[in-house]
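K.L.:
I'd like to ask you about the structure that follows.
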Amino acid sequence: MYRFGRILARLAFALVLAAAPALADGRPGGSLVILSTQVPRHVNGALQSGVAVAIPSTQIFASLLRYDAEWNPEPYLAESWQVSDDGLSVTLKLVAGATFHDGRPVTSEDVAFSILAIRDNHPFKSMFAPVEAVETPDPGTAVIRLGRPHPALLLALSPALAPILPKHVYGDGQDLRTHPANVAAVGAGPFRLAEFQPGEHIILKRYENFFLPGRPYLDEIVIRYLPDVSTLLLAMERGEGDLRPFATGSQEIRRLRQVDRLAVTNAGYAALGPINWLAFNTRSPKLADRRVRQAIAYAIDRDYIVGTLHHGVSVAQRGPIVEGSPFFDPTVPAYDLDLDKARGLLAEVGLGDGLQLTVDYVPGLVEQQKNLAEYLKSQLKKIGIDVTVRTSPDTATWASRIAGHDFEMTMDTVFNWGDPVIGVHRTYLSSNIRPGVVWSNTQSYADARVDALLEAAAVELDPARRKQLYAEFQQIVATDLPVYWLNLLPFHTAYDRRLGNPPLSIWGVLSPMDELYWIKDK
Amino acid sequence: MTGYIARRLLHGLFLVAGVVVVNFVLLRLAPGDTATAIAGEMGGATADVLAAIRADYGLDRPLPTQLAIYLGHIARGDLGMSHYFNLPVSSLIAARLGPTVLLVASAQIVALVVGVALGVLAARARGGAVPTLVTAFTTACHAMPVFWTGIMLVVLFASILPVLPVEGMSDLRLRDAGWITRTLDVARHLVLPVVTLVLVHLAQYARITGAAMREVLAADFIRVVRAKGAPERTVLFRHALRNAALPVLTVAGLQFGHLLSGALLVETVFNWPGLGRLAFESLLRRDYPTVLGVLLCAAAMVVVVNLLTDLAYRLADPRLRTVP
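As you go down the protein sequences, you meet chains A and B in turn.
Positions 2 to 523 (this note's numbering) are the ones given, in order, by the first sequence.
Positions 28 to 351 (this note's numbering) are the ones given, in order, by the second sequence.
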């Protein structure tokens, strides 16, 4: 089994190299300018995986695995990997000849240091919480020992979530969270950090000794930060940028589509799974009965939201797991618009005369948040619910209110982050009701069946059985509705049509861009 | 004179200290803190992570303790560490100070030169269409909010007349070019932000200069100068303008503070990498040390410029040199 697995993995590695894009239609070299609104604090993805950090981090640091567009793991720093039959250990063989940007070799010691550092410092605790130890029998082999089976582990080894850090740089005893090398990073990825100008730009240069022969194809990547979307859009229209990830506004997306040199796609965000939803504080007496929440769901027209309010750029979202995920259950209740049913449900709970509620929203994403909050106000009035839209001056204020459970309903955007263990469980597990922590179970939702299903799915090694557990979970929460899922955030990537191999894997731009190249001279 | 400068510097020091204390308290009154802002950027956080961030930056201590620690650091010339970037605030300010000084100084000079010229033009015309046109133009410019003027210029030069860059301070693709190319590139990027600031601040100079010039031109000594056969250019610039310059100088000092505050909006509209944009973005991130550092820096700049204006005033008007 182990031998067979290694052969398969080596074969996959060879196929990856063989499948490296032929450059007959292009040429190596050239510069790529990425324009982004999201300003990173640093470039160390071991500390956080927000999109701002992950874009540069995945270029600077290599990870053990990477993923294609079909959720298949591919060799990266690990040329092979083997999960033990009991699921309590994963053995990884490292590719020979990989070096960090300072010339030192990548060894299993670096792997062990990195995984434990991420476990101890990254906010996504569930990624490596079951890791008890990482053994290093030889410099080319790392064995991850787990306290319980952890099928989410392989996805957690993705570039956006688990960069391999050089132990000789980051393991010098300084606090990783404030380490000077977080803004002067040394990794083993395809590009090395040449310049970090906080809030302005990052310049990445080709790493000549990158372990994948011939790659990266580009000479450099420049990431410019333009916090104002209008300014960024103008810059793209004027040809000052080659790639714009995370375009979200319908107007921006439509204008980008009108630029002849640009291709615009919503591919590349499957793993991120960004859901726009309406969350209910189930501790509020007005919202404690799920029939009230269901009534609100029946009063909301998702088709109107995606078709009219979002001008067709977004997609309706029916459950807690995004449709692109292998764990998505297409049979969850849809709650199609039915005002009579909504009024009937309210009457059942004695609220036929109506009630008053407040809704918060995340400031900034006007079209996805503020406009939907305003829509809810007008729509829920039709079933006798008087909604007051509560404004927060900035995200910090909104986060403070929601983290303190000081809300009745709130709009929110929350990401799946690949495996449900990483991005989904946190919203529904009763053990994650933690006042003071935003993006925890701020709904105060508690259901013993859901807790049991999620705990079982977290350790289930059989993919089919795991999918079944998540299907049951989705059915329950889609009935209880601690959250009503509205739409997928319409993340789009606009890129120059002359770019070969645009970043469209499940992690999109949050993955190494060593395969990108310019089709024609630029 | 030395005693005067020392007194003014001491006053300035108290003023800046007052600005620091007031801003420190005001910033903490806003809901949310650095930890929640960072959690948003991290994609989520646990209670442990939030607590660790608060402990790292001393946010878990009582407000008076935080203020005392901060003032102690300031007294030692340490502006602290940015909560967001974990870099010294002084290094962030140092990187952004140059662009802001370049923008504000350029705008000040252009506004002064053009405003004074328009004022002289209007005063010299003594009635007719020119003064009316100058007044109408400068008043209209003054009435336009600075951000609106900026946005209109962006719209104009982005799509209708795409001959000037509408954002940033330089083209990164030219960073390896020669210094002449890079200087010209910065100059091209400077045009629209400067024009925006100038348009808004032109009126003050034009109106003050015009009024002062009209008053001086009606004075007896001007009549004497003209009677002696001096050319009109000499009358205007050597005799009249020199005497009319005092109120303009005063306004120039006061305008500096307005230009700095206007730069905040202009830098945001044009993505100019200066202190204004740093302050605005840091405010949204609840990066208190950076916001306080920028405000302290701006207050110090205003104090120093006003002191320099007063000194220039004394040099221009010998009567003031004896005033304590």
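Virtual Cβ for every residue (Gly too), placed ideally from N, Cα, C.
Can you grab the Cα-Cα spacing for the pair D83(B) / P41(A), in whole Å?
P.N.:
Taking the first residue of the second sequence as position 1, residue 83(B) is located at position 56. Taking the first residue of the first sequence as position 1, residue 41(A) is located at position 40. Computed Cα separation, rounded: 19 Å.
K.L.:
Select from N417(A), F492(A), D337(A) and R402(A) the residue whose C-alpha is nearest the C-alpha of P327(A).
P.N.:
Indexing the first sequence from 1 puts residue 327(A) at position 326. If we check each option's Cα against that of P327(A), N417(A) comes out closest.
K.L.:
Based on Cα-Cα distance, which residue from V510(A), V478(A) and K521(A) lies nearest to T70(A)?
P.N.:
As a first step, residue 70(A) must be located in the first sequence, where it is residue number 69. Per the sequence shown, the amino acid found at residue 70(A) is Ala instead of Thr. Looking at the Cα atoms, V510(A) is the closest of the given residues.
K.L.:
Counting only beta-carbon separations shorter than 9 Å, does Y315(B) have a partner in chain A?
P.N.:
Against the second sequence, residue 315(B) aligns to sequence position 288. So, not an interface residue.
K.L.:
Please go through the segment 113-137 of chain A and give each complete beta strand (DSSP E) segment of 3 or more residues, from N-terminal end onward.
P.N.:
Here no run is fully enclosed.
K.L.:
For D420(A), decide whether its Cβ has a neighbour in chain B, counting only Cβ atoms nearer than 9 Å.
P.N.:
Residue 420(A) sits at position 419 when you count from the first residue of the first sequence. So no, D420(A) is outside the interface.
K.L.:
Do you know whose CA, among R200(B), A306(B), L342(B) and A339(B), lies nearest L119(B)'s CA?
P.N.:
In the second sequence, residue 119(B) corresponds to position 92, counting from 1. That would be A306(B), whose Cα lies nearest to the Cα of L119(B).
K.L.:
Nearest CA to the CA of V173(B): which residue from A149(B), D247(B) and L219(B)?
P.N.:
The residue labelled residue 173(B) in the question sits at position 146 within the second sequence. Comparing Cα-Cα distances from V173(B) to each of A149(B), D247(B) and L219(B), the minimum goes to L219(B).
K.L.:
Taking its Cβ as the centre, do 16 or more other Cβ atoms sit within 10 Å of A47(A), making it buried, or is it exposed?
P.N.:
Taking the first sequence and counting its residues from 1, one reaches residue 47(A) at position 46. Answer is buried; the Cβ neighbour count reaches 16.
K.L.:
Could you work out which residues of chain A lie near P189(B), taking near to mean beta carbons separated by less than 9 Å?
P.N.:
Within the second sequence, the letter at position 162 stands for residue 189(B). Result: R239.
K.L.:
Do G351(A) and I386(A) come within 9 Å of each other at the CB atom, strictly closer than that value?
P.N.:
Numbered from 1 along the first sequence, position 385 holds the residue referred to as residue 386(A). Numbered from 1 along the first sequence, position 350 holds the residue referred to as residue 351(A). Taking 9 Å as the Cβ cut-off, I386(A) and G351(A) do not qualify as a contacting pair.
K.L.:
Grouping DSSP H, G and I as helix and E and B as strand, with all else coil, what is F247(A)?
P.N.:
Here residue 247(A) corresponds to residue number 246 of the first sequence, with the count starting at 1. Strand.
K.L.:
Output yes if chain A places a C-beta closer than 9 Å to the C-beta of T165(B); else output no.
P.N.:
Counting from 1 along the second sequence, the entry for residue 165(B) is found at position 138. By this cut-off, T165(B) is not an interface position.
K.L.:
Classify P29(A) as helix, strand or coil using the three-state DSSP reduction.
P.N.:
For the purposes of this step, residue 29(A) is taken as residue 28 along the first sequence, with counting starting at 1. Of the three classes helix, strand and coil, the one that applies to P29(A) here is coil, per DSSP.
K.L.:
Roughly how many whole angstroms lie between the Cα atoms of T236(B) and A279(B)?
P.N.:
For the purposes of this step, residue 236(B) is taken as the residue at position 209 of the second sequence. For the purposes of this step, residue 279(B) is taken as the residue at position 252 of the second sequence. Straight-line Cα distance between these residues: approximately 11 Å.
K.L.:
With 8 Å as the C-beta to C-beta threshold (strictly closer), list the residues of the segment 270-298 of chain A near chain B in chain order.
P.N.:
If the cut-off is 8 Å between Cβ atoms, the segment 270-298 of chain A has nothing near chain B.
K.L.:
Tell me whether the segment 249-257 of chain B and the segment 157-177 of chain B touch, counting them as touching only if at least three CB pairs, one residue from each stretch, are closer than 8 Å.
P.N.:
The segment 249-257 of chain B is not in contact with the segment 157-177 of chain B.
K.L.:
Where A267(B) and E196(A) are concerned, what is the direct C-alpha to C-alpha distance, given to the nearest angstrom?
P.N.:
Taking the first residue of the second sequence as 1, we reach residue 267(B) at position 240. Taking the first residue of the first sequence as 1, we reach residue 196(A) at position 195. A267(B) and E196(A): Cα-Cα distance of roughly 54 Å.
K.L.:
Relative to the C-alpha of V321(B), which residue among V141(B), A122(B) and L90(B) is closest?
P.N.:
Stepping through the second sequence from its first residue, residue 321(B) is reached at position 294. Taking only the C-alpha atoms, the option nearest V321(B) is A122(B).
K.L.:
Just to confirm the assignment, what range does the alpha helix (DSSP H) spanning I32(B) have?
P.N.:
For the purposes of this step, residue 32(B) is identified with residue 5 of the second sequence, where counting begins at 1. Taken as a continuous stretch (DSSP letters only), the alpha helix (DSSP H) holding I32(B) covers T29 to L56.
K.L.:
Taking the beta carbon of T30(B) as the centre, do at least 16 other beta carbons fall within 10 Å, making it buried, or is it exposed?
P.N.:
Taking the second sequence and counting its residues from 1, one reaches residue 30(B) at position 3. At residue 30(B) the sequence reads Gly, which differs from the Thr that was named. Under this definition G30(B) is an exposed residue.
K.L.:
Does the beta-carbon of W175(B) have 16 or more other beta-carbons within 10 angstroms, so that it is buried, or is it exposed?
P.N.:
Your numbering for residue 175(B) matches position 148 in the second sequence. W175(B) is exposed by the Cβ-count criterion.
K.L.:
Ends of the beta strand (DSSP E) at T411(A)?
P.N.:
Taking the first residue of the first sequence as position 1, residue 411(A) is located at position 410. Counting along the chain, the beta strand (DSSP E) containing T411(A) begins and ends at M410 to F416.
K.L.:
Taking CB distances under 9 Å as the criterion, tell me whether T179(A) reaches chain B.
P.N.:
Along the first sequence, one-based indexing puts residue 179(A) at 178. It does; some Cβ of chain B falls within 9 Å.
K.L.:
Check distances from the C-beta atoms of the segment 428-460 of chain A to those of chain B and list, in chain order, the residues that come in under 7 Å.
P.N.:
Answer in chain order: R435, G437, V438, V439 and W440.
K.L.:
Indicate whether the contact test is met: 3 or more Cβ pairs, each with one atom in the segment 301-321 of chain A and one in the segment 479-498 of chain A, closer than 8 Å.
P.N.:
Enough Cβ pairs lie closer than 8 Å, so yes.
K.L.:
Just verifying my parser: in three-state terms, what is the DSSP assignment at E259(B)?
P.N.:
Taking the second sequence and counting its residues from 1, one reaches residue 259(B) at position 232. Three-state result, E259(B): helix.
K.L.:
Run through chain A and tell me which residues come within less than 9 Å of N50(B), C-beta to C-beta.
P.N.:
Position 23 of the second sequence holds residue 50(B). Here the premise fails: no neighbours, minimum Cβ distance about 17 Å.
K.L.:
Can you pull the chain A neighbours of V243(B), defined as C-beta to C-beta under 8 Å?
P.N.:
Here residue 243(B) is taken as the residue at index 216 of the second sequence, counted from 1. Residues of chain A passing the Cβ test: none, with the nearest at roughly 46 Å.
K.L.:
What is the residue span of the alpha helix (DSSP H) that V330(B) lies within?
P.N.:
On the second sequence, residue 330(B) is found 303 positions in, with the first residue counted as 1. First-last of the alpha helix (DSSP H) with V330(B): Y315 to A343.
K.L.:
For L217(B) and A254(B), what's the separation of their Cα atoms in angstroms?
P.N.:
Taking the first residue of the second sequence as position 1, residue 217(B) is located at position 190. Taking the first residue of the second sequence as position 1, residue 254(B) is located at position 227. Straight-line Cα distance between these residues: approximately 46 Å.
K.L.:
Buried or exposed: where does V43(B) fall if 16 or more other Cβ atoms within 10 Å of its Cβ makes it buried?
P.N.:
Translated into positions along the second sequence, residue 43(B) becomes position 16. Looking at its Cβ environment, which holds 16 or more other Cβ atoms inside 10 Å, V43(B) is buried.
K.L.:
Shorter than 9 Å from the beta carbon of D395(A) to some beta carbon of chain B?
P.N.:
Within the first sequence, the letter at position 394 stands for residue 395(A). It does; some Cβ of chain B falls within 9 Å.
K.L.:
Residues of chain A with a CB under 8 Å from the CB of L305(B): which are they?
P.N.:
Within the second sequence, the letter at position 278 stands for residue 305(B). Result: G200.
K.L.:
Could you check the C-alpha separation between V48(B) and A453(A) for me, to the nearest Å?
P.N.:
Residue 48(B) sits at position 21 when you count from the first residue of the second sequence. Residue 453(A) sits at position 452 when you count from the first residue of the first sequence. Using only the alpha carbons, I get a separation of about 53 Å.
K.L.:
Taking only three categories from DSSP, how would you classify H493(A)?
P.N.:
As a position in the first sequence, residue 493(A) is number 492, starting the count at 1. Correct three-state label for H493(A): strand.
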